[in-house]
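Heads up, the sequence shown is in the working numbering, so the first residue is 1 and it goes up one at a time.
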Amino acid sequence: MKIFTARQIRECDAFTIQEEGITSADLMERAANACASWLQQHYSNHTPVLVVCGMGNNGGDGLALTRILLQQGYPARAVVLRHAAQFSPDAAHNLTLLHQLMPENIRILEPGQYLSTLSEDILVIDALFGTGLNRPLEDWPASFVQELNALSNTVIAIDTPSGLPADSLPEPEAAVIRAQYTLSFQFYKRSFLHPEAAVHTGAVHLLDIGLSTQYITATHTQYYTTGAATAAALYKPRNPFGHKGSFGKVQLVGGSYGKMGAIALSTRAALRSGAGLVFTAAPETGNTILQVLNPEAMFIAAGKEVVEKIKAEDKAVLGIGPGMGQAPETGAALLRYIRSANGSLVLDADALNLVAAEKDMLHLLPAHTIITPHPREFERLFGKAPDSMLQVELARANAMKYNICIVLKGHHTAVVLPTGACWYNTTGNAGMATGGSGDVLTGILTALLAQGYTPADAARLGVYLHGLAGDLAAAASGQEALIAGDLPDWLGAAFRSLSGDL
Ligand SMILES: NC(=O)C1=CN([C@@H]2O[C@H](COP(=O)(O)OP(=O)(O)OC[C@H]3O[C@@H](n4cnc5c(N)ncnc54)[C@H](O)[C@@H]3O)[C@@H](O)[C@H]2O)[C@@H](O)CC1
Ligand SMILES: Nc1ncnc2c1ncn2[C@@H]1O[C@H](COP(=O)(O)OP(=O)(O)O)[C@@H](O)[C@H]1O
Ligand SMILES: [K+]
């Protein structure tokens, strides 16, 4: 799904209005109805609701919502902050409609006025500012937001938490509503996908308001989310006549004293991701444990106690790094391999730390190599960024510069392609914040490459499946009890969901 900027969302609204021959007030009514339906599904009409409105169109949504909720029997009230000289035309229209219905349920606050104490059972709807915000909040609106944040009431933000920019991240001290839920119209705003904003959005729900598919299809963006539909479109069902030679050869390289488990996890994940043949290349000391853990995989001695040589089996796709350690012999072997490599490749963990120590290696990476750094590994490779969105921008610049795919891991892992396109993943949960989860991802990605997926497709699909396996595992065992070894066991169900078979 495409992610649009605030400006593009405004254009999309305007385009839809023109295309359908409706008024902007009609679209606002649709938006308010979508919010009302969501509320109806989650809160009974005995719930007292206070809708806090601004004077722009976000406030207009709030005023229309108050009217619709009143008509549905909710005890709903609106307060309006007089923060500007005049209302937007649609907000003014909706103020009039609400006034005609229930004038006593509207209160206008003048600058410097605040809400008096609020009973805790009141549901607060934040309709102060939406995507029209053009600078950080200051003065009265800012302190009003801080005051709302100090209350313990549940807050639901309409379209965006007031004060949160759509296309950048707020300063840490900025006045931004902290909501438990955000009902965003049709699209994610890019900021929602970053941890700095998540404390403000709470859980994000996208509400379809029927915006123009023609505009959406025709409008260019470099930012996307990978959800179920994207993943299903990327998935290539297995050829019924295929044999083990048709599904590719995977060779996972890594392991060292005390860290054989990492490469064993990658191996297991590759086996569970459809690879025809899987080899584990590890130090000899790992032979027994690796063979016992994954009897389906073949063992290759890559050195005595550490990885000393990296040599690809015929036509194998390599995934290098999990548990590999950073011994000088290992670094030298990696450099030799990268100099000679020309096919698809995945680099993770210690392979990335070795590259970070010898940055010239970046220039040698074969085109479209997939690297899978977590934010600290990323920093070692490419330097620090002031916030997580600018870190993604740094990833885009480097993916284009080195012609590689960067999988920047996190809650919404960003898959950054050599074109500069960035795909935020939408599966996965905090139960996966446990040692070894990344090693599993390396195995999945390498197996997909070996089966003929392009690096861009393997990265997006693999990250999605990895997160989905995590979500299924967490649904079964809870996030706390989830361990990385559970993830390969849920890959089967994750794959089945791609063909609607779950
Ligand atoms: N355009 C449309 O047709 C639709 C718009 N919708 C709603 O409209 C919203 C956008 O509305 P607007 O563009 O009117 O903008 P907003 O309602 O987000 O905010 C604009 C108002 O805030 C003021 N303002 C902006 N930055 C400020 C700041 N830092 N401090 C104080 N005041 C500030 C502006 O002067 C203006 O009065 C969306 O978020 C969405 O909720 C929806 O109704 C769907 C349809
Ligand atoms: N809070 C979270 N939400 C979603 N995914 C997560 C979360 N925490 C970790 N993950 C995922 O788990 C994996 C962790 O990888 P990594 O940091 O390399 O761990 P390790 O080196 O222990 O394997 C990544 O794919 C990451 O996206
Ligand atoms: K809002």
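All C-beta atoms, glycine included, are put in the ideal place defined by N, C-alpha and C.
Next item on the list: Assign M260 to one of three DSSP states: helix, strand, or coil.
Entry: Position 260 of the sequence shown holds residue 260. M260: helix per DSSP, three-state reduction.
Check: Alpha carbon to alpha carbon, how far is L252 from H205?
Finding: On the sequence shown, residue 252 is found 252 positions in, with the first residue counted as 1. On the sequence shown, residue 205 is found 205 positions in, with the first residue counted as 1. When rounded, the distance between both Cα atoms is 39 angstroms.
Note to self: At a threshold of 7 angstroms, does I156 count as lining ligand 1 (C-beta to nearest heavy atom)?
What the structure shows: Taking the first residue of the sequence shown as position 1, residue 156 is located at position 156. Remark: the C-beta of I156 is outside contact range of ligand 1, defined as less than 7 angstroms to any heavy atom.
Notebook entry, point to check: Taking only runs of the alpha helix (DSSP H) that begin and end inside the stretch 35 to 75, which ones reach a length of at least 4 residues, in chain order?
Noted result: 57 to 71
Next item on the list: Use the C-beta contact count for P295: other C-beta atoms within 10 angstroms, 16 or more gives buried, fewer gives exposed.
Entry: Within the sequence shown, numbered from 1, the residue matching residue 295 stands at position 295. Exposed: under 16 other Cβ atoms inside 10 Å.
Next item on the list: Thinking L417 and A447 are a contact (beta carbons under 8 angstroms), I'd like their distance in whole angstroms, please.
Entry: As a working mapping, residue 417 is identified with position 417 in the sequence shown. As a working mapping, residue 447 is identified with position 447 in the sequence shown. With 8 angstroms as the limit, L417 and A447 do not qualify as a contact, their Cβ atoms being about 20 angstroms apart.
Next item on the list: Using DSSP bridges, identify the partner residues of S143.
Entry: The residue you call residue 143 lines up with position 143 of the sequence shown. According to DSSP, S143 bridges with nothing at all.
Notebook entry, point to check: Under a Cβ-count criterion, where at least 16 other Cβ atoms within 10 Å of its own Cβ denotes burial, should P283 be classed as buried or exposed?
Noted result: Position 283 of the sequence shown, counting from 1, holds the residue named residue 283. Classification for P283: buried.
Margin query: Alpha carbons only, please: which of R77, Q8, R82, R460 is nearest the one belonging to Y215?
Written below: Residue numbering aside, residue 215 sits at position 215 when the sequence shown is read from its first letter. Considering only alpha carbons, the answer is Q8.
Notebook entry, point to check: Tell me which same chain residues have a C-beta within less than 7 angstroms of the C-beta of E120, skipping the five on either side of it?
Noted result: Along the sequence shown, one-based indexing puts residue 120 at 120. Within the same chain, E120 has close Cβ partners S152, N153.
Next item on the list: Check whether the stretch 487 to 495 touches the stretch 263 to 280, counting contact only when three or more Cβ pairs, one atom from each stretch, lie closer than 8 angstroms.
Entry: yes
Notebook entry, point to check: Quick one: Cα of V49 to Cα of A76, how far?
Noted result: Here residue 49 corresponds to residue number 49 of the sequence shown, with the count starting at 1. Here residue 76 corresponds to residue number 76 of the sequence shown, with the count starting at 1. Per the coordinates, the alpha-carbon of V49 lies some 5 angstroms from the alpha-carbon of A76.
Checklist line | Cβ distance (whole Å) where A25 is taken to contact D90 below 8 angstroms | finding: The count along the sequence shown starts at 1 and reaches residue 25 at position 25. The count along the sequence shown starts at 1 and reaches residue 90 at position 90. A25 to D90, Cβ: 5 angstroms. Contact.
Item checked: Integer Cβ distance of Q550 from I156, believed to fall under 8 angstroms -> Given that the chain is displayed from residue 1 to residue 502, the structure contains no residue 550 and the question cannot be resolved.
Item checked: Three-way DSSP call (helix, strand, coil) for F4 in this model -> The residue labelled residue 4 in the question sits at position 4 within the sequence shown. Three-state result, F4: coil.
Margin query: So if DSSP puts G319 in a beta bridge, which residue, or which two residues, is it bridged to?
Written below: By one-based count along the sequence shown, residue 319 stands at place 319. According to DSSP, G319 bridges with L252, V346.
Notebook entry, point to check: Can you give the Cα-Cα distance for N94 and T226, rounded to whole angstroms?
Noted result: The sequence position of residue 94 within the sequence shown is 94, counting from 1. The sequence position of residue 226 within the sequence shown is 226, counting from 1. N94 and T226: Cα-Cα distance of roughly 37 angstroms.
Check: Would you say the beta carbon of F185 comes nearer than 7 angstroms to a heavy atom of ligand 1?
Finding: Translated into the one-based positions of the sequence shown, residue 185 becomes position 185. Result yes, Cβ under 7 angstroms from ligand 1.
Checklist line | Per-residue burial, R339 [other beta carbons within 10 Å of its own, 16 or more giving buried] | finding: The residue given as residue 339 occupies position 339 in the sequence shown. Classification of R339: exposed, given that the 10 Å Cβ count is below 16.
Next item on the list: Please state if the CB of V407 and the CB of V463 are separated by a distance shorter than 8 angstroms.
Entry: As a working note, residue 463 is residue 463 in the sequence shown. As a working note, residue 407 is residue 407 in the sequence shown. The answer is yes: Cβ separation under 8 angstroms.
Notebook entry, point to check: For the 8 angstroms Cβ check, are there 3 or more pairs between the stretch 66 to 86 and the stretch 163 to 176?
Noted result: no
Check: Looking at C-beta atoms only, is the number of pairs between the stretch 174 to 194 and the stretch 125 to 135 that lie closer than 8 angstroms three or more?
Finding: By the Cβ criterion, the stretch 174 to 194 is in contact with the stretch 125 to 135, since at least three pairs of Cβ atoms, one from each stretch, lie closer than 8 angstroms.
Check: Beta carbon of F299: closer than 7 angstroms to some heavy atom of ligand 5?
Finding: As presented, the structure is devoid of ligand 5, carrying ligand 1, ligand 2 and ligand 3 as its sole ligands.
Notebook entry, point to check: Under a Cβ-count criterion, where at least 16 other Cβ atoms within 10 Å of its own Cβ denotes burial, should G59 be classed as buried or exposed?
Noted result: As a first step, residue 59 must be located in the sequence shown, where it is residue number 59. Counting Cβ neighbours within 10 Å, G59 comes out buried, since at least 16 surround it.
Next item on the list: Leaving aside the five residues before and after E11 along the sequence, list all residues of the same chain whose C-beta is less than 8 angstroms from its C-beta, in chain order.
Entry: The residue labelled residue 11 in the question sits at position 11 within the sequence shown. So the list reads Y215, T219, once near-sequence residues are dropped.
Notebook entry, point to check: Taking three-plus beta-carbon pairs below 8 angstroms as touching, is the stretch 430 to 443 in contact with the stretch 476 to 492?
Noted result: yes
Checklist line | Selection from G452, A474, A327, G319 that minimises the alpha carbon distance to D439 | finding: On the sequence shown, position 439 is the one that residue 439 refers to. Closest option to D439, judged by alpha-carbon separation, among G452, A474, A327, G319: G319.
Next item on the list: Return the residue from the list A269, S256, S88, I310 that minimises the CA-CA distance to N287.
Entry: What you label residue 287 is simply residue 287 of the sequence shown in a count that begins at 1. Measuring from the Cα of N287, the nearest candidate turns out to be S256.
Notebook entry, point to check: Beta-carbon separation of E110 and S388 under 8 angstroms?
Noted result: Walking along the sequence shown from the start, residue 110 turns up at place 110. Walking along the sequence shown from the start, residue 388 turns up at place 388. Their beta carbons are not under 8 angstroms apart, which means E110 does not touch S388 by this criterion.
Notebook entry, point to check: By the 10 Å Cβ neighbour count, where 16 or more other Cβ atoms means buried, how is R107 classified, buried or exposed?
Noted result: One-based indexing of the sequence shown puts residue 107 at position 107. When all chains shown are included, R107 counts as exposed.
Notebook entry, point to check: Grouping DSSP H, G and I as helix and E and B as strand, with all else coil, what is N134?
Noted result: As a first step, residue 134 is located in the sequence shown; it is residue number 134 there, counting from the start. Reduced to three states, the DSSP call for N134 is coil.
Notebook entry, point to check: So does P141 have its beta carbon nearer than 7 angstroms to some heavy atom of ligand 1?
Noted result: Here the question's residue 141 lines up with position 141 in the sequence shown. Indeed, a heavy atom of ligand 1 lies less than 7 angstroms from the Cβ.
Notebook entry, point to check: Does the stretch 299 to 310 come close enough to the stretch 372 to 383 that 3 or more CB-CB pairs lie under 8 angstroms?
Noted result: no
Note to self: Taking 8 angstroms as the limit between beta carbons, can you name the residues of its chain near Q40, skipping five residues before and five after?
What the structure shows: Numbered from 1 along the sequence shown, position 40 holds the residue referred to as residue 40. The beta carbon of Q40 is closer than 8 angstroms to those of Q72 in its chain, skipping five residues each way along the sequence.
Checklist line | Beta-carbon proximity list for S437, same chain, < 6 angstroms, skipping 5 on both sides | finding: On the sequence shown, position 437 is the one that residue 437 refers to. Beyond the five residues adjoining it in sequence on each side, S437 comes within less than 6 angstroms, by CB distance, of A484 in the same chain, given in chain order.
Notebook entry, point to check: How many whole angstroms separate the CB atoms of V415 and A469, which I take to be in contact at a CB cut-off of 8 angstroms?
Noted result: Mapped onto the sequence shown, residue 415 falls at position 415. Mapped onto the sequence shown, residue 469 falls at position 469. Under the criterion of beta carbons closer than 8 angstroms, V415 and A469 do not qualify as touching, at roughly 17 angstroms.
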